[in-house]
Amino acid sequence: MKNTMDKARLLLGASAALLCSVAMASAEDLQKVTFMTSWYAQAEHGGFYQAKAQGLYEKAGLDVTIKMGGPQINGMQLLLAGETDFYNGFDFQVLSGVEQKLPVKAVAAMFQHDVNGMLTHKDVSSLEGLKDKTLMIATTARASWWPWLKSKYDLQDSQVKPYTFNVQPFLVDPQAAQQAFPSSEPFTLEQQGVPYNFFLFADEGYPPYGITLVTRTDVIDGKPDVVEKFVKASIEGWKSYLADPSAGNALIKEANPKMTDAQLAFALKRMKELGLVAGGDAATDGIGIMKEERWKASYDYMVSAGLLKAETNWKDAFTTDYVKDLKIKPD
Numbered sequence: 001m002k003n004t005m006d007k008a009r010l011l012l013g014a015s016a017a018l019l020c021s022v023a024m025a026s027a028e029d030l031q032k033v034t035f036m037t038s039w040y041a042q043a044e045h046g047g048f049y050q051a052k053a054q055g056l057y058e059k060a061g062l063d064v065t066i067k068m069g070g071p072q073i074n075g076m077q078l079l080l081a082g083e084t085d086f087y088n089g090f091d092f093q094v095l096s097g098v099e100q101k102l103p104v105k106a107v108a109a110m111f112q113h114d115v116n117g118m119l120t121h122k123d124v125s126s127l128e129g130l131k132d133k134t135l136m137i138a139t140t141a142r143a144s145w146w147p148w149l150k151s152k153y154d155l156q157d158s159q160v161k162p163y164t165f166n167v168q169p170f171l172v173d174p175q176a177a178q179q180a181f182p183s184s185e186p187f188t189l190e191q192q193g194v195p196y197n198f199f200l201f202a203d204e205g206y207p208p209y210g211i212t213l214v215t216r217t218d219v220i221d222g223k224p225d226v227v228e229k230f231v232k233a234s235i236e237g238w239k240s241y242l243a244d245p246s247a248g249n250a251l252i253k254e255a256n257p258k259m260t261d262a263q264l265a266f267a268l269k270r271m272k273e274l275g276l277v278a279g280g281d282a283a284t285d286g287i288g289i290m291k292e293e294r295w296k297a298s299y300d301y302m303v304s305a306g307l308l309k310a311e312t313n314w315k316d317a318f319t320t321d322y323v324k325d326l327k328i329k330p331d
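Our numbering puts the first residue of the sequence shown at 1, with every later residue one more than the last.
Right, dumping it as structure tokens:
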């Protein structure tokens, strides 16, 4: 009897060891990928966290590490230094990089529209009403949307005051307007019961994409299969996040404990209302889609605003190879 039990224990031990070794081998077979977001973990990165939480990356054969960005982190520099394989940037960064002969390229556009806009008091009914207002904007806006806004609505540099990254100066000045994202400052005002209007620049013709998935050309050349898998799994993550964000939100809150359920819910609601992920061309061609004419529009604007040299080869800034045939649409 004792011999039989001993044999059974040995068999069980051998089976456990075999299962453990298979799991370790499977983990070792996964290709390691690092992805960096542009800011602290939030709903605007939800699809990536969803793909991680639901095992979509692992299913695709990838071991993905998501790193948070932040105000003191230059994601593009880290991408170029090889500290990350992918980064969620935006059109203008990539076009400026191509102008400087940097080896960067966008492979997908997770947001079909830029998310910058203007927050105003309720008496302002359109962006036309900014002409007599004090405008609080960040220095970085001068190299992106401010030239567009100033030219389109005949505004003046003399109207501009520094943006302090909070809504208090806006609240105490009835003649003020300030830059904003649809899911952050409006959320704060709604929590306080303050009436406001928010105007998305994209609705008025501001051309760039929002979140673009950027990598280096050596990653594309050396690991095209990794790029293909990461793009597809990330897009599947966005589709899943739009349907039920609970798994991704749990990881977001783990990475960024200051993020609340209420803010995550508000941000997702706004993303859906504005069609950031699933609107525009994504409605017909699938999440992540990019179009050459949209990149040309960004190039044209940057050149006209003196933000980019006309001789820049703008077509080097992107490739549609990884998204054009996916056609992954929300349910």
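Note that beta-carbon positions come from the ideal geometry of N, C-alpha and C, so glycine has one too. Remember, predicted model here, so these are calculated numbers, not experimental data.
Cα-Cα separation, residue i to residue j
i, j, result
"glycine 306", "glutamate 83", "31 Å"
"alanine 311", "leucine 102", "In the sequence on display, residue 311 carries glutamate and not alanine. Going by the C-alpha atoms only, they are around 15 Å apart."
"asparagine 256", "alanine 41", "6 Å"
"phenylalanine 170", "leucine 326", "43 Å"
"valine 64", "valine 33", "5 Å"
"proline 208", "serine 304", "14 Å"
"tyrosine 87", "valine 104", "10 Å"
"leucine 56", "valine 115", "27 Å"
"lysine 161", "alanine 250", "38 Å"
"lysine 315", "methionine 110", "19 Å"
"leucine 242", "leucine 80", "31 Å"
"alanine 53", "lysine 269", "21 Å"
"tryptophan 146", "aspartate 173", "21 Å"
"lysine 152", "proline 182", "21 Å"
"histidine 121", "alanine 177", "7 Å"
"aspartate 244", "glutamate 190", "24 Å"
"alanine 317", "lysine 258", "35 Å"
"glutamine 192", "isoleucine 137", "22 Å"
"isoleucine 73", "glycine 129", "36 Å"
"arginine 294", "threonine 284", "15 Å"
"methionine 302", "alanine 143", "9 Å"
Whole-Å CB distance - residue i paired with residue j, under 8 Å assumed
i, j, result
"lysine 346", "leucine 149", "The structure shown has nothing for residue 346, since the chain only spans 1 to 331."
"leucine 213", "valine 226", "Not confirmed; about 13 Å, so no contact."
"phenylalanine 187", "glutamine 112", "Not a contact, Cβ separation roughly 22 Å."
"leucine 135", "glutamine 100", "Actually they do not touch by this definition, with Cβ atoms about 30 Å apart."
"isoleucine 328", "lysine 272", "Going by Cβ atoms, the distance from isoleucine 328 to lysine 272 rounds to 17 Å, so no, they are not a contact pair."
"phenylalanine 198", "leucine 119", "5 Å"
Contact under 8 Å by Cβ, residue i with residue j
i, j, result
"glycine 248", "tyrosine 49", "yes"
"lysine 223", "alanine 60", "no"
"alanine 51", "glutamate 236", "yes"
"serine 298", "phenylalanine 92", "yes"
"serine 38", "glycine 89", "yes"
"lysine 133", "glutamine 175", "yes"
"lysine 291", "aspartate 281", "yes"
"aspartate 123", "threonine 215", "no"
"leucine 30", "leucine 308", "no"
"alanine 265", "leucine 62", "no"
"glutamate 58", "alanine 267", "no"
Distance cut-off 7 Å: residue i Cβ against heavy atoms of the ligand PLP
i, result
"alanine 180", "Inclusion of the ligand PLP in the displayed structure is not the case, the ligand content being empty and no account of it being possible."
For residue i, the nearest candidate out of the options (CA to CA)
i, options, result
"aspartate 261", "Ile220, Gly46, Met36 and Asp29", "Gly46"
"tyrosine 163", "Glu44, Ala180, Thr212 and Tyr153", "Ala180"
"valine 194", "Pro207, Gln168 and Ser125", "Gln168"
"alanine 202", "Gly70, Phe86, Leu276 and Leu308", "Leu276"
"aspartate 300", "Ala233, Tyr206 and Val219", "Tyr206"
"valine 219", "Lys67, Ala106, Gly97 and Asn74", "Ala106"
"aspartate 221", "Thr319, Gly70, Ser96 and Leu119", "Thr319"
"proline 330", "Ala177, Gly279, Asn197 and Ala143", "Gly279"
"alanine 141", "Val98, Ile66, Phe165 and Glu44", "Phe165"
"glycine 70", "Glu58, Val172 and Met36", "Met36"
"histidine 286", "Tyr322, Lys258 and Thr139", "In the sequence on display, residue 286 carries glycine and not histidine. If we check each option's Cα against that of glycine 286, Tyr322 comes out closest."
"lysine 67", "Glu293, Ala283, Lys258 and Ile252", "Ile252"
"threonine 139", "Asp157, Ser125 and Gly129", "Asp157"
"glycine 97", "Thr284, Lys324, Ile289 and Thr217", "Thr217"
Entirely enclosed alpha helix (DSSP H) segments - the region 193-265, minimum 4 residues
217-222, 224-243 and 246-255
Quick one: complete alpha helix (DSSP H) runs, 4+ long, within the region 77-162?
91-99 and 146-152
Restricting to runs no shorter than 4 residues, where is the alpha helix (DSSP H) found entirely within the region 264-315?
282-285 and 292-304
Please list the segments of the alpha helix (DSSP H) lying wholly inside the region 44-75, counting only runs of 4 or more residues, in order along the chain.
46-53 and 56-59
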